[in-house]
Amino acid sequence: MEHSILREWEQKNNIQLGIEKEKLLWEYAELVYHANKRFNLAGLKTRHDILINLVLGSIEPLLHLDVPRGTLFADIGTGAGIPGIPVAIYHDELAGVLIDSNGKKISFVKKVIRDLLLDNVQPLQERIETAARTRLRNAFHIVFSRALGSISVVAELAAPMLVSGGLLYVYSHERAEDLPAPVAEHIGSLGMSALSIHKRARYGLSDVNMVFIKTGATQDTFPRNMSAIKRDLNKFTS
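Our numbering runs 592 ahead of the 1-based position in the sequence shown.
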């Protein structure tokens, strides 16, 4: 089963994963599938959905990502390791930190890293806003977020973690140009701006999902406590 699904996906995207990456991606999907039976790790339940939507769906928009070897990324609200684990397997030239405050989920991520012998990612159990205010401030070239929540919340958590020129990559069906004005203004106040389609090509990124670039400094007051961030959600809705 796994070979046919993976081969069809490779043909569709005109790529070759190679035996080792195929094996790692399939084994990771299996680990998620079995752990999901014991506790609520991911919303998708079948092997097929986990492999196609969670695992391969995390790397498909990043297949042609073109950044220097050693680029450091953070996956905030990683949960089961999505998208960080698939990204680290496919782009093994990158190094990443997978962050979540949920102890059960981070324990699972640790098991994955240990079982798959991944040496380019490390887990961190900590509240994102705490890490972003302290040791992980101005630390990353890319921050990934998938299913963490509102873009205004994600941007406030991610912006302080990025170096100047760093990218925030948000898996979303929304388009940056369609965001309500208060949300766009808030993102701008964090020193971030939407990356144009033309400029995305420089990084090997397509026009799917939302991408922001850090163009200015993020004030020391950000990120605020989560309670303060969430209080503003009503005014950030259209």
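Built from N, CA and C at the ideal position, the CB exists for glycine as well. Just so it is clear, the structure is predicted and the values come from calculations on it, not from any experiment.
Mind listing, in chain order, the continuous beta strand (DSSP E) runs of no fewer than 3 residues lying wholly within the stretch 643 to 690?
664 to 668
On a Cα-Cα basis, can you pick out the residue from Ser699, Gln811, Glu685 and Asn645 that is closest to arginine 729?
Gln811
Out of Gly758, Ala773, Gly757 and Leu782, which one is the CA nearest neighbour of leucine 749?
Leu782
May I ask which residues mark the beginning and end of the beta strand (DSSP E) holding alanine 786?
784 to 786
Verify whether the separation of the beta carbon atoms of lysine 597 and isoleucine 644 is less than 8 Å.
At residue 597 the sequence reads isoleucine, which differs from the lysine that was named. In contact: isoleucine 597 and isoleucine 644 (Cβ atoms closer than 8 Å).
Which one of Lys637, Pro752, Ile743 and Glu777 has the shortest CA to CA distance from serine 764?
Ile743
Taking contact to mean 3 or more Cβ pairs, one atom from each stretch, closer than 8 Å, check whether the stretch 694 to 708 and the stretch 663 to 674 are in contact.
yes
Delimiting residues of the beta strand (DSSP E) encompassing isoleucine 734
732 to 738
Please specify which runs of the beta strand (DSSP E), each continuous and at least 3 residues long, are wholly inside the stretch 736 to 805, giving them in chain order.
754 to 763 and 784 to 786
Residue interval of the alpha helix (DSSP H) (run including leucine 623):
611 to 630
Who does serine 716 pair with in a DSSP beta bridge?
In the sequence under discussion, the amino acid at residue 716 is leucine, which differs from the serine named in the question. Per DSSP, Ile691.
Same chain, Cβ closer than 7 Å to alanine 724, neighbours up to 5 away in sequence not counted
Leu749, Pro752, Met753 and Pro815
Whose CA, out of Asp658, Leu609 and Glu721, lies closest to the CA of leucine 759?
Asp658
Should the stretch 612 to 621 be regarded as contacting the stretch 702 to 711, the criterion being three or more beta carbon pairs within less than 8 Å?
yes
So valine 762 packs on methionine 802, CB below 8 Å; how close in whole Å?
4 Å
According to DSSP, is aspartate 824 helix, strand or coil?
coil
Sorted by chain position, which residues of the same chain lie with C-beta nearer than 7 Å to isoleucine 668's C-beta, five sequence neighbours on each side aside?
Ile691, Ile720, Val735, Ser737, Leu740, Leu749 and Ala750
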